[in-house]
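Numbering follows this note's numbering, with no gaps: position 74 of the sequence shown is 75.
Below is one structure; the comments refer to it alone.
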Amino acid sequence: MLELAVGVWTFDILSKSVFLLRAYFILVFGDIPAMSMVMRIKGHNGKCPCRMCEIIGVRIPNKPRSPYYVPLRRTHHPDVMAADSELIPSYDALHLPKRRHDRFLAQAHEVQMANTETESERLAKLYGIKGVPLLSCLSSLTFPDSFPYDFMHLVWENVLKNLVSLWTGEYKGLDSGTEDYVLDPDVWKAIGEATASAGSTIPSVYGPRPPNVQADRTACTADSWSFWALYIAPVVLRGRFRQEKYYNHFIRLIKILHTCLQFELTRAEVESVRTGLANWVTEYEGCVMQIQTCLFYSNVNFIQDILST
């Protein structure tokens, strides 16, 4: 990659002359764990878990060894309420403290050049960065802007799966707390059966037959989750929740995702997606009132990715 950036002598058959052919690496894609490795990000083990912004994480109360989570609103968290706390009680989803290239690499060098291993680990935990990324030698890359979230992994393999796990009461053993969004097992079974039977009336040109999302979730790929969420779920989930607000909240997300998947977006639509996702994440925190279930911090930064793109 360095050699391509400097240039490779190439023969132009039309002009019958040689010229320097250059190629520049400007974007890097992959799932979240892979990008954390490439960028040398600590993830939920660091106080700044996010690779895109410097939002400070908080741990589950009374669990000092738990990972760091990053809810936007943490007003009543014990660490925030402490007399000597410097933590921000609430973040604005549209104005998160973004990481900047120069600051990112300065922190990475500080971690890597620390005098002791203990000091290096302390700084790594503080900054959420484990050291200098190998790809930082490429001047065409900007940290973290050249490493945007991948739509497939973020939405279909992350957000949607986590929502389903919450609705079925299967997310890390959590219940719905003071809310009531968990579906009755018989209701979820009926939704799975309705999903599978829908394949009989869906033309094959739309894709493979949808699997039973209740009985055979391992057969669900990102593609099948996408089709289910966009075209089947709005029908089979209607009237299934005990409170309609959970269904309406899901539908707002689906409308936003439909816009994201358009071949062309106007500036007004980009702004609509940006504000829509910010509002959706804020509403999500209002629906799920437990600090440890703040799953979608990466979705908030996806807003900034959309805007900058």
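Virtual Cβ for every residue (Gly too), placed ideally from N, Cα, C.
Opposing strand residues paired with residue i [DSSP bridges]
{"i": "Tyr69", "result": "Arg60"}
{"i": "Arg275", "result": "Paired residues: none, contrary to the question."}
{"i": "Val237", "result": "Note: Val237 sits in no beta bridge, so no partner."}
{"i": "Lys99", "result": "Cys54"}
Other residues of its chain near residue i: CB distance less than 8 Å, five sequence neighbours each side excluded
{"i": "Gln113", "result": "Ser121, Gly132, Val133"}
{"i": "Gln293", "result": "No answer about Gln293 holds up, because its pLDDT of 42 lies below 50 and its placement is not dependable."}
{"i": "Trp189", "result": "Trp168, Thr169, Gln215"}
{"i": "Thr143", "result": "His102"}
{"i": "Leu258", "result": "Val156, Ala230, Leu231"}
{"i": "Phe105", "result": "Ile130, Phe144, Pro145"}
Residues of its chain near residue i, where Cβ-Cβ distance is below 7 Å and the 5 sequence neighbours each way are ignored
{"i": "Trp157", "result": "Ala223, Trp226, Ser227"}
{"i": "Pro1", "result": "Absent from the structure is residue 1, since the part of the chain shown begins at 2 and ends at 310."}
{"i": "Met92", "result": "The residue asked about is misnamed: residue 92 is Tyr in this sequence, not Met. Excluding sequence neighbours, Tyr92 sits near Ile56, Leu73."}
{"i": "Cys295", "result": "Note that Cys295 has pLDDT 45, beneath the 50 cutoff, so the model's placement of it is unreliable and the number below is only indicative. The answer, listed in chain order, is Tyr70, Val71, Pro72, Glu286."}
{"i": "Pro90", "result": "Arg75, Thr76, Val81"}
{"i": "Ala199", "result": "Pro211, Ile233"}
Beta carbon proximity, residue i to chain D, threshold 8 Å
{"i": "Ala107", "result": "Included in the structure is just one protein chain, with no chain D present."}
Whole-Å CB distance - residue i paired with residue j, under 8 Å assumed
{"i": "Met38", "j": "Arg52", "result": "Not really, about 11 Å apart at Cβ, beyond 8 Å."}
{"i": "Arg100", "j": "Glu55", "result": "6 Å"}
{"i": "Ala230", "j": "Leu184", "result": "Not really, about 16 Å apart at Cβ, beyond 8 Å."}
{"i": "Val147", "j": "Leu28", "result": "Note on identity: in this sequence residue 147 is Ser, with Val being the wrong assignment. Confirmed, Cβ separation roughly 6 Å."}
Contact set for residue i: own chain, Cβ-Cβ below 6 Å, skip 5 residues either direction
{"i": "Phe242", "result": "Tyr248"}
{"i": "Gly8", "result": "Leu21, Arg23"}
With a floor of 4 residues, list each alpha helix (DSSP H) that falls wholly inside the segment 112–193, ordered by position along the chain.
118–128, 161–168
Would the segment 161–170 and the segment 65–75 be scored as touching if the rule is three or more Cβ pairs under 8 Å?
no
Which runs of the beta strand (DSSP E) spanning at least 3 residues fall entirely within the segment 15–59, listed in chain order?
18–22
Decide if the segment 282–289 is in contact with the segment 237–251; the criterion is three or more beta carbon pairs, one per stretch, under 8 Å apart.
yes
Indicate whether the contact test is met: 3 or more Cβ pairs, each with one atom in the segment 12–19 and one in the segment 42–50, closer than 8 Å.
no
Would you call the segment 18–32 in contact with the segment 144–154, where contact means no fewer than 3 C-beta pairs closer than 8 Å?
The segment 18–32 is in contact with the segment 144–154.
When the Cβ atoms of the segment 263–270 are set against those of the segment 194–207, are three or more pairs found closer than 8 Å?
Short answer: they don't touch.
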